[in-house]
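A.B. asks:
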Amino acid sequence: MSEQTVLSNLYHGIQNVELCIKSKCSQHLVTCEKMLQAPASLDENGVTAGVSNAFLVCCAYFYLCLLRKVEGDEVQVALYFLQALVVSPGLVKTELAPEVYRKVVESCIVPLRPELGSGVEGVRWGATSYKAWLMYYQVISYGQQPTLLMDTSPEFRNTKVCSTSSSKSYEHVQLHAQNVELCKGASC
Numbered sequence: 052m053s054e055q056t057v058l059s060n061l062y063h064g065i066q067n068v069e070l071c072i073k074s075k076c077s078q079h080l081v082t083c084e085k086m087l088q089a090p091a092s093l094d095e096n097g098v099t100a101g102v103s104n105a106f107l108v109c110c111a112y113f114y115l116c117l118l119r120k121v122e123g124d125e126v127q128v129a130l131y132f133l134q135a136l137v138v139s140p141g142l143v144k145t146e147l148a149p150e151v152y153r154k155v156v157e158s159c160i161v162p163l164r165p166e167l168g169s170g171v172e173g174v175r176w177g178a179t180s181y182k183a184w185l186m187y188y189q190v191i192s193y194g195q196q197p198t199l200l201m202d203t204s205p206e207f208r209n210t211k212v213c214s215t216s217s218s219k220s221y222e223h224v225q226l227h228a229q230n231v232e233l234c235k236g237a238s239c
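Residue 52 is where the sequence shown starts when you use my numbering, and the numbers rise one by one after that.
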């Protein structure tokens with residue numbers, strides 16, 4: 052695929068996200084997703100037509116995240132958003148979703164390893180950790196939507212699965228309302 056085609060796919064993919072959100076037409080969603088997959092698959096360390104691939108890849112994953120939100124696939128929304136954070140936390144923080152970035156970093160990522168803080172490497176480490184957990188969860192749940200994301204009750208919406216700063220080991224959540232363990236100190 053030529054460099055201009057990749058840029059064109061990203062541009063038209065982003066332009067069509069709004070149409071997809073408004074129409075919720077499955078054909079528009081599929082087409083838009085295919086357009087965004089081309090730039091998302093670039094090597095993030097390269098350059099395409101004079102533009103940093105990290106910028107292109109981050110934007111592609113962020114807009115793929117929005118498309119999955121329309122489809123109601125919360126796990127994929129999170130995975131795509133986390134991948135955008137891994138690729139370019141600064142772009143997400145300053146341009147794409149500053150408020151979401153702030154909430155995710157302050158309440159979910161920093162509590163994992165406070166000594167890393169909210170700097171680029173700390174955010175990348177935390178996003179990578181959450182992404183790995185979500186992919187693991189997706190595999191063990193056989194691709195089903197996690198109960199934690201389907202139930203909107205407060206005890207499920209405030210559930211955390213993350214490591215504590217003292218133990219550095221992952222807490223495991225039992226998927227019963229009475230047995231949900233909360234991550235210490237976070238509010239994600």
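Ideal placement from N, C-alpha and C gives every residue a C-beta, glycine not left out.
Here the structure is a predicted model, which is why all the values come from computation and not from measurement.
1. I'd like to check one pair, V174 with L136: are the Cβ atoms closer than 8 Å?
2. In whole angstroms, what is the alpha-carbon distance linking N209 and G101?
3. Can you name the start and end residues of the alpha helix (DSSP H) that N67 belongs to?
4. Determine whether the beta carbon atoms of L93 and V81 lie at a separation below 8 Å.
5. Taking the straight line between their C-alpha atoms, what separation do you get for I65 and V138?
6. Given that a residue counts as buried once 16 or more other Cβ atoms are within 10 Å of its Cβ, and exposed if not, what is C83?
7. Rounded C-beta distance between V57 and A105? I'm assuming under 8 Å.
8. State the CB to CB distance for the pair Y62 and A91, rounded to an integer number of angstroms; the pair is presumed to be in contact (CB under 8 Å).
9. According to DSSP, what are the bridge partners of S103?
10. Can the beta-carbon of V143 be found closer than 8 Å to that of I72?
11. Look at the Cβ atom of V151, then the Cβ atom of L117, and state whether they are nearer than 8 Å.
12. When you compare only the Cα positions, how much space is there between K182 and V190?
13. From S59 to S103, what distance separates their C-alpha atoms?
14. Output the distance between the C-alpha atoms of P162 and S53, rounded to the nearest integer angstrom.
15. Going by beta carbon distance, what residues of the same chain come within less than 7 Å of S180, once the five residues before and after it are set aside?
16. Determine the contact status of P140 and V171, defining contact as a CB-CB distance below 8 Å.
17. Quick one, which of Y188, Q134, M186 has its alpha-carbon nearest W176's?
C.D. replies: Once the coordinates are examined:
1. Within the sequence shown, residue 136 is the residue found at index 85, counting from 1. Within the sequence shown, residue 174 is the residue found at index 123, counting from 1. Contact: yes.
2. Position 158 of the sequence shown, counted from the start, is the residue given in the question as residue 209. Position 50 of the sequence shown, counted from the start, is the residue given in the question as residue 101. The predicted position of N209 is uncertain, since its pLDDT is 34 and thus under 50; a value taken from the coordinates is nonetheless stated next. The straight-line gap from Cα to Cα measures roughly 43 Å.
3. For the purposes of this step, residue 67 is identified with residue 16 of the sequence shown, where counting begins at 1. Note, N67: alpha helix (DSSP H), 54–74.
4. The count along the sequence shown starts at 1 and reaches residue 93 at position 42. The count along the sequence shown starts at 1 and reaches residue 81 at position 30. The answer is no: Cβ separation not under 8 Å.
5. Position 14 of the sequence shown, counted from the start, is the residue given in the question as residue 65. Position 87 of the sequence shown, counted from the start, is the residue given in the question as residue 138. Straight-line Cα distance between these residues: approximately 18 Å.
6. Here residue 83 refers to the residue found at position 32 of the sequence shown. Its Cβ being crowded by 16 or more others within 10 Å, C83 is buried.
7. Position 6 of the sequence shown, counting from 1, holds the residue named residue 57. Position 54 of the sequence shown, counting from 1, holds the residue named residue 105. Between A105 and V57 the Cβ distance is about 14 Å, and since that is not below 8 Å, they are no contact.
8. Taking the first residue of the sequence shown as 1, we reach residue 62 at position 11. Taking the first residue of the sequence shown as 1, we reach residue 91 at position 40. About 14 Å; that fails the 8 Å criterion.
9. On the sequence shown, residue 103 is found 52 positions in, with the first residue counted as 1. BP columns for S103 point to V98.
10. The residue labelled residue 143 in the question sits at position 92 within the sequence shown. The residue labelled residue 72 in the question sits at position 21 within the sequence shown. No; because the gap between Cβ atoms is not below 8 Å, this pair is not in contact.
11. Here residue 151 corresponds to residue number 100 of the sequence shown, with the count starting at 1. Here residue 117 corresponds to residue number 66 of the sequence shown, with the count starting at 1. No, Cβ-Cβ distance for V151 and L117 is not below 8 Å.
12. Taking the sequence shown and counting its residues from 1, one reaches residue 182 at position 131. Taking the sequence shown and counting its residues from 1, one reaches residue 190 at position 139. Between K182 and V190, the C-alpha separation is close to 12 Å.
13. For this step, residue 59 is matched to residue 8 along the sequence shown. For this step, residue 103 is matched to residue 52 along the sequence shown. C-alpha separation (whole angstroms): 15 Å.
14. Position 111 of the sequence shown, counting from 1, holds the residue named residue 162. Position 2 of the sequence shown, counting from 1, holds the residue named residue 53. About 42 Å.
15. Reading the sequence shown from its first residue, position 129 is the one you call residue 180. Excluding sequence neighbours, S180 sits near L163.
16. Here residue 140 corresponds to residue number 89 of the sequence shown, with the count starting at 1. Here residue 171 corresponds to residue number 120 of the sequence shown, with the count starting at 1. Contact: yes.
17. Numbered from 1 along the sequence shown, position 125 holds the residue referred to as residue 176. Among Y188, Q134, M186, the Cα nearest to that of W176 belongs to Q134.
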